[in-house]
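Counted the way our numbering counts, the sequence shown spans residues 7 to 372.
Cβ coordinates follow ideal geometry from the N, Cα and C atoms, glycine included.
Some notes on the structure that comes next.
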Amino acid sequence: MVPPFRAEHVGSLLRPADLKRAFQQFRDGALSAADYEAALLDAIRGAVRTQEDAGLQSITDGEFGRNSWFGFFFERMDGFRLEPAAFRFRDEKGGSYEWPTCCACARMRRRGPIAIDEFKRLAALTRRTAKMTLPAPSALHFFRFHAAADPAVYPDENGYWDDLVAVYRAEIAALAEAGCRYLQLDEVPLAMLCDPLIREQVKGLGGDPAALVAKYVEVLQRILAGRPAGMTVGLHLCRGNFRSRWMASGGYEPVAERLLNDMPVDAFFLEYDSERAGDFSPLRWLPADKHVVLGLVSTKSPALEPADGLRRRIDEAARHVPMERLALSPQCGFASVAGGNLLTEEEQAAKLRLVVEVARAAWGSA
Numbered sequence: 007m008v009p010p011f012r013a014e015h016v017g018s019l020l021r022p023a024d025l026k027r028a029f030q031q032f033r034d035g036a037l038s039a040a041d042y043e044a045a046l047l048d049a050i051r052g053a054v055r056t057q058e059d060a061g062l063q064s065i066t067d068g069e070f071g072r073n074s075w076f077g078f079f080f081e082r083m084d085g086f087r088l089e090p091a092a093f094r095f096r097d098e099k100g101g102s103y104e105w106p107t108c109c110a111c112a113r114m115r116r117r118g119p120i121a122i123d124e125f126k127r128l129a130a131l132t133r134r135t136a137k138m139t140l141p142a143p144s145a146l147h148f149f150r151f152h153a154a155a156d157p158a159v160y161p162d163e164n165g166y167w168d169d170l171v172a173v174y175r176a177e178i179a180a181l182a183e184a185g186c187r188y189l190q191l192d193e194v195p196l197a198m199l200c201d202p203l204i205r206e207q208v209k210g211l212g213g214d215p216a217a218l219v220a221k222y223v224e225v226l227q228r229i230l231a232g233r234p235a236g237m238t239v240g241l242h243l244c245r246g247n248f249r250s251r252w253m254a255s256g257g258y259e260p261v262a263e264r265l266l267n268d269m270p271v272d273a274f275f276l277e278y279d280s281e282r283a284g285d286f287s288p289l290r291w292l293p294a295d296k297h298v299v300l301g302l303v304s305t306k307s308p309a310l311e312p313a314d315g316l317r318r319r320i321d322e323a324a325r326h327v328p329m330e331r332l333a334l335s336p337q338c339g340f341a342s343v344a345g346g347n348l349l350t351e352e353e354q355a356a357k358l359r360l361v362v363e364v365a366r367a368a369w370g371s372a
């Protein structure tokens, strides 16, 4: 079978307590690098078992070797420092939370493999389809798009994008050479640009939302031009996921036509777990050769969604996209940062089993 599968999982999983404890000991100098690697391998082996037991066909390593969904990427490159992000996380109580992001302070350079070792380790632990996740290139730019790089280093933004495209092309080629056939790019900025408040904030900082959408699409077109044969690429859109918080709201309509038609990917993983995501009508722009994975199951809440309610929502989406081009997943990972969302490992496993059960009921297979 070729992915996406009927039942999918976005990527990150809650870190087990033993792994968190081992990492703390390693950071404090009380545990050797070799012993920490052994603890990490054991935790990933458990994550693989959890996914396989749930019935999933695409398997991730839970992103256990990363501190966050995209921080690992620039930390394994040369050329970055941390600066405050221009946008904040929000929660259901009206709270607002600052966070740091990357700023290019020197020429960006891939000093070595970024995710290759992660893929090789995962592929050795499962006979099912090993899926690797990387942040979309927009993530390294958008969160400080008005000051994403030191102008003394990149006086011309074209040079910034040229260097970043080169990094991604090299990493994706290396993943393919290592045997990776399923890659997911995690895209937050384009989902944020669906939010009227974010769009106004961008304009207030001197930006043009439409121009940013066009640039991010163009950059991925450059990166994936001539991509390795036999590699399925998915694009996951996320409105922010940090300890059950988010950064944006709003349906996909502001970006849907350009996103769904011009992005050179095979599948779109779209968040649809709350009213903040809008309705399914933007799916009418989906071309006939692409798939949509409906993120209907929330990773932010421990409450288990009713199976019949999920089936009704799949049927609603099928009014815009034929059933054979739809699939089901959680709306995001369970731990975009190492701390994880506010639910337990048992509740997480129940959510994964639910995705598989509903997929089998809806399509006859997972």
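7 Å CB neighbourhood of residue i in its chain, flanking five on each side removed
i: A110; result: G85, F86, A154, A155, D156, V159, Y160, Y166
i: D169; result: R113, M114
i: V219; result: L196, L199, V261, R264
i: R366; result: A372
Close-in-space but distant-in-sequence residues of the same chain around residue i (CB under 6 Å, 5 per side omitted)
i: S144; result: P195, Y222
i: D314; result: none
i: L358; result: A60
i: P260; result: C200
i: C338; result: V16, C244, N247, T305
i: F11; result: Q63, S64
i: F274; result: L241, V298
Three-state secondary structure (DSSP) of residue i
i: Y222; result: helix
i: S287; result: helix
i: I65; result: strand
i: G85; result: strand
i: V364; result: helix
i: L334; result: strand
i: Y278; result: coil
i: S38; result: coil
i: S74; result: strand
i: P90; result: strand
i: A273; result: strand
i: A129; result: helix
i: A341; result: coil
i: A153; result: helix
i: A235; result: coil
First and last residue of the uninterrupted alpha helix (DSSP H) at residue i
i: R113; result: Not the alpha helix (DSSP H): R113 falls in the beta strand (DSSP E), residues 106-115.
i: T238; result: T238 -> not in any alpha helix (DSSP H); beta strand (DSSP E) instead, spanning 238-243.
i: Y188; result: Run containing Y188: none in the alpha helix (DSSP H); it sits in the beta strand (DSSP E), 188-193.
i: N347; result: No alpha helix (DSSP H) holds N347; DSSP gives it neither H nor E.
i: R175; result: 163-184
i: R33; result: 23-33
i: V8; result: No alpha helix (DSSP H) holds V8; DSSP gives it neither H nor E.
i: A262; result: 259-268
i: R205; result: 202-210
Option nearest residue i by Cα separation, candidates the options
i: E224; options: N267, C186, E363; result: N267
i: L203; options: A365, W369, R282, L358; result: R282
i: G185; options: Y174, D321, S18, D123; result: D123
i: K126; options: T66, A176, Y174; result: T66
i: L146; options: A121, L128, D272, V173; result: V173
i: T56; options: L191, G68, L300; result: G68
i: L348; options: S335, D285, P308, S38; result: P308
i: E311; options: A91, E206, Q354, V171; result: Q354
i: V303; options: S335, R331, V327, G213; result: S335
i: A372; options: L191, A28, S342, L332; result: L332
i: D24; options: A180, A323, L292, L46; result: L46
i: I229; options: Y258, A142, R150, L300; result: A142
i: M269; options: A231, G256, L88; result: A231
Segment limits, beta strand (DSSP E) that includes residue i
i: T139; result: 138-141
Residues of its chain near residue i, where Cβ-Cβ distance is below 8 Å and the 5 sequence neighbours each way are ignored
i: A176; result: R116
i: A341; result: S18, L19, L20, R21, G68, E69, N347
Going along the chain, which unbroken runs of the beta strand (DSSP E) with 3 or more residues stay wholly within the stretch 286-329?
297-303
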